[in-house]
Amino acid sequence: MQILSEIYRKTFVAGVIVISVLSAASAVLLMLGTPPRISRIDPAIVTIAVVSMLVLFGTVGPLIALLVWSRRRRPSILLAIVFIVVMFSHAVSLGEPVAVPGQSLTSMLALVLGGLTGIAILVLAIENHRAVPVPSAL
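Just remember that my numbering sits 5 ahead of the position in the sequence shown, which is counted from 1.
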């Protein structure tokens, strides 16, 4: 079980770093692209929301990976939720009104790798939750 946990930990670290780079690249491409054509919502708001989520994960992601790699922290359910939000922002950026040429490839790669990394996050978070000793009710 220890070997499997180590494999999940390495998958998590590598996945978060790669997805952080892809998130930063997607954010740059979205900012450089033409504004999206959305009829009911201001296109600038959509672009700013998606870019801010991608930039935030692009900068914080490597720090999280470093802490997990050095064994100072374990992934938590909260991190899994944050990761889901980042994957959602990649999915939104693939939509027809928002997509920018070249950025679609980075978001597609991030979504595929995000599935594998998401599994690793959930397994490590559940394993971490089980490892916490429960005080006896004596």
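Ideal Cβ positions, reconstructed from N, Cα and C, are used throughout, including at glycine.
All figures in this text were calculated on a predicted structure; none of them were measured in a lab.
message = isoleucine 24 and proline 67 - do their beta-carbons sit closer together than 8 angstroms?
response = no
CB contact flag (methionine 92, glycine 63, <8 angstroms) = Taking 8 angstroms as the cut-off, the beta carbon of methionine 92 is found no closer than this to the beta carbon of glycine 63.
Reference isoleucine 69; option with closest CA among Ile126, Val56, Ile131, Glu132 = Ile126
inquiry  = Does arginine 37 pass the burial test, meaning 16 or more other C-beta atoms within 10 Å, or should it be called exposed?
reply    = Reading off the sequence shown, one finds leucine at residue 37, where the question assumed arginine. Exposed, because fewer than 16 other Cβ atoms sit within 10 Å of the Cβ of leucine 37.
Best match in Val56, Val87, Val18 for proximity to leucine 34 [C-alpha to C-alpha] = Val56
ask   = valine 18 and valine 73: beta carbons closer than 8 angstroms?
value = Yes, these two residues count as a Cβ contact at 8 angstroms.
task = Within its chain, find whatever has a CB closer than 7 angstroms to the CB of methionine 58; leave out the 5 residues flanking it on each side and keep chain order.
result = Val90, Val91, Ser94
query = Beta-carbon separation of leucine 129 and arginine 14 under 8 angstroms?
reply = yes
key: Cβ neighbour criterion (16 or more within 10 Å) applied to alanine 54   = exposed
key: Alpha-carbon spacing of alanine 30 relative to threonine 111, whole angstroms   = So the alpha carbons of these two residues sit roughly 7 angstroms apart.
ask   = Got a sec? Which residues, its chain only, sit under 6 angstroms from alanine 32 by beta carbon, not counting five neighbours each side?
value = Val56, Leu59, Val60
ask   = Less than 8 angstroms separating the beta-carbons of threonine 16 and leucine 121?
value = yes
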